[in-house]
Every structure is written in structure tokens, then in C-alpha cells.
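**Student:**
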Amino acid sequence: MMYRTRIQQTTNMQEVTPFRLTATVVAGFGRGGKQLGCPTANLSSEELGDLLHDIPTGIYCGWATVDGQGPYKAVASVGWNPFFQNKEKTIEPHLLHEFTSDFYGATLNLVLVGYLRPEENYPSLEALVDAIQADISQSRAWLDEPHAQRFKADTLLQSTPSAL
0 MMYRTRIQQT TNMQEVTPFR LTATVVAGFG RGGKQLGCPT ANLSSEELGD LLHDIPTGIY
60 CGWATVDGQG PYKAVASVGW NPFFQNKEKT IEPHLLHEFT SDFYGATLNL VLVGYLRPEE
120 NYPSLEALVD AIQADISQSR AWLDEPHAQR FKADTLLQST PSAL
């Protein structure tokens, strides 16, 4: 289920009408954890279908569950990752939680509620990493605020937990 986008400015973050997504976590390019220090839970493009194309590109934050565990804070890149010149649009959430193992094949429910910035190309890997770390810091703080905390109760995130 998805709703039409409504963007409302809240400090440096823009609150959006939630984008609600459910998909299986699949292997990506392996760059998130290795090159960027920011492992991502890449979502199956096939399962997302038209939803993938309906979400405007950019960097978002929100809440996620993994096989019913959570919700966890999340920061997600939606787009083509211009620094790496990807040929396909992807949604790559980074969950702000320390997991003890990978969770490929798990079902990830994601509710995107804040828009940070547009997708950008960077002159260096270091500049990209710096931007990602700033996105994480800003998202963590914004998601701690009461107006963002209310989205943890979204019905998509309230499924029965399973073993992770």
C-alpha cells in the first residue's frame, strides 16, 4: 500500500506521508558494509514492482522490522546511487541497530516517514561516506522526536515476531 506524497518541512527534515514497503532482503553489490561502513538491507526490486518506481529518489528515514523483530530506526537510499553509476533504481535501507548476523531472505517491512535530501553524486568516496554519516546522525536525532516516534505504531510494523 502506498499513499500520495505530501511533504511538510520539519527542521532540516521533511516529513512525508508514509511510504509502506514489504520485500525480501536480497544480496546487493556488497559495497554498503565493505566500502561505506554502512551495511544495507537491499530489497527485492521484483517484489517491490511499481512501488519502486513511484517513490521519488532521495535519502529517507523511517522505521523497519525484520521478520517481525523491531521496529528499528532506518535510513534508506532510493535511487540509482550516482557515485557508483548503478543502472537500476534500488531501495537500500540501513538499519540503525547492531545485528549479530546477516539476514538475507528475511522479510523487511519499511515505513519511510522523513525525507532528508535528494540523491547526489560525490567527488570522492570519502565525501560520500561523510554524507552518509551525516544522514545517519540527522535521522537518528529526528526519529527520536515525538512526531517521528508515533510512526513506530504503524500497522505494517506490528506483525507477530519470529526468530531472527
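Taking numbering that gives the first Met the number 0, the leading residue of the sequence shown gets 0, the next gets one more, and so forth.
Yeah, the Cβ is synthetic: ideal placement off N, Cα and C, and Gly gets one too.
Since the model is a prediction, treat every value here as computed from it, not as a measurement.
In this structure, does DSSP put phenylalanine 18 in helix, strand or coil?
**Tutor:** Position 19 of the sequence shown holds residue 18. It is a strand residue.
**Student:** Look at the alpha carbon of alanine 22 and the alpha carbon of arginine 30, and state the distance between them as a whole number of angstroms.
**Tutor:** Position 23 of the sequence shown, counted from the first residue, corresponds to residue 22. Position 31 of the sequence shown, counted from the first residue, corresponds to residue 30. Cα to Cα, the separation comes out at about 20 Å.
**Student:** Which ranges would you report for the alpha helix (DSSP H) in the region 44-129 if only whole runs of at least 4 residues count?
**Tutor:** Within the region 44-129, the complete alpha helix (DSSP H) runs of at least 4 residues are 44-47 and 49-53.
**Student:** Using a Cβ-Cβ cutoff of less than 6 Å, which residues in the same chain neighbour valine 25 once the five nearest sequence positions on both sides are dropped?
**Tutor:** Working through the sequence shown from its first residue, we reach residue 25 at position 26. Excluding sequence neighbours, valine 25 sits near Asn41 and Ser43.
**Student:** When you compare only the Cα positions, how much space is there between alanine 162 and glutamate 97?
**Tutor:** Position 163 of the sequence shown holds residue 162. Position 98 of the sequence shown holds residue 97. Unreliable placement is indicated for alanine 162, whose pLDDT of 47 sits below 50; no coordinate value is reported for it.
**Student:** Looking only at its chain, what residues have a beta carbon closer than 7 Å to the beta carbon of tyrosine 121, apart from the 5 residues adjacent to it on each side?
**Tutor:** If you number the sequence shown from 1, residue 121 lands on position 122. Closer than 7 Å at the Cβ level, and outside the excluded window around tyrosine 121, lie Phe82, Leu127 and Ala130.
**Student:** Report the three-state DSSP secondary structure of glutamine 13 (helix, strand or coil).
**Tutor:** Locating residue 13 in the sequence shown gives position 14, where the first residue counts as 1. Strand.
**Student:** Can you list, in chain order, the residues of its chain whose CB lies under 7 Å from that of glycine 104, leaving out five sequence neighbours each side?
**Tutor:** By 1-based counting over the sequence shown, the position of residue 104 is 105. Cβ within range, chain order: Thr23 and Val24.
**Student:** Kindly indicate which three-state DSSP category leucine 35 falls into: helix, strand or coil?
**Tutor:** For the purposes of this step, residue 35 is identified with residue 36 of the sequence shown, where counting begins at 1. Of the three classes helix, strand and coil, the one that applies to leucine 35 here is coil, per DSSP.
**Student:** Does the beta-carbon of leucine 124 have 16 or more other beta-carbons within 10 angstroms, so that it is buried, or is it exposed?
**Tutor:** For this step, residue 124 is matched to residue 125 along the sequence shown. Leucine 124 comes out exposed.
**Student:** By a C-beta neighbour count over all protein chains shown, 10 Å radius and 16 as the cutoff for buried, is threonine 154 buried or exposed?
**Tutor:** The residue you call residue 154 lines up with position 155 of the sequence shown. Looking at its Cβ environment, which holds fewer than 16 other Cβ atoms inside 10 Å, threonine 154 is exposed.
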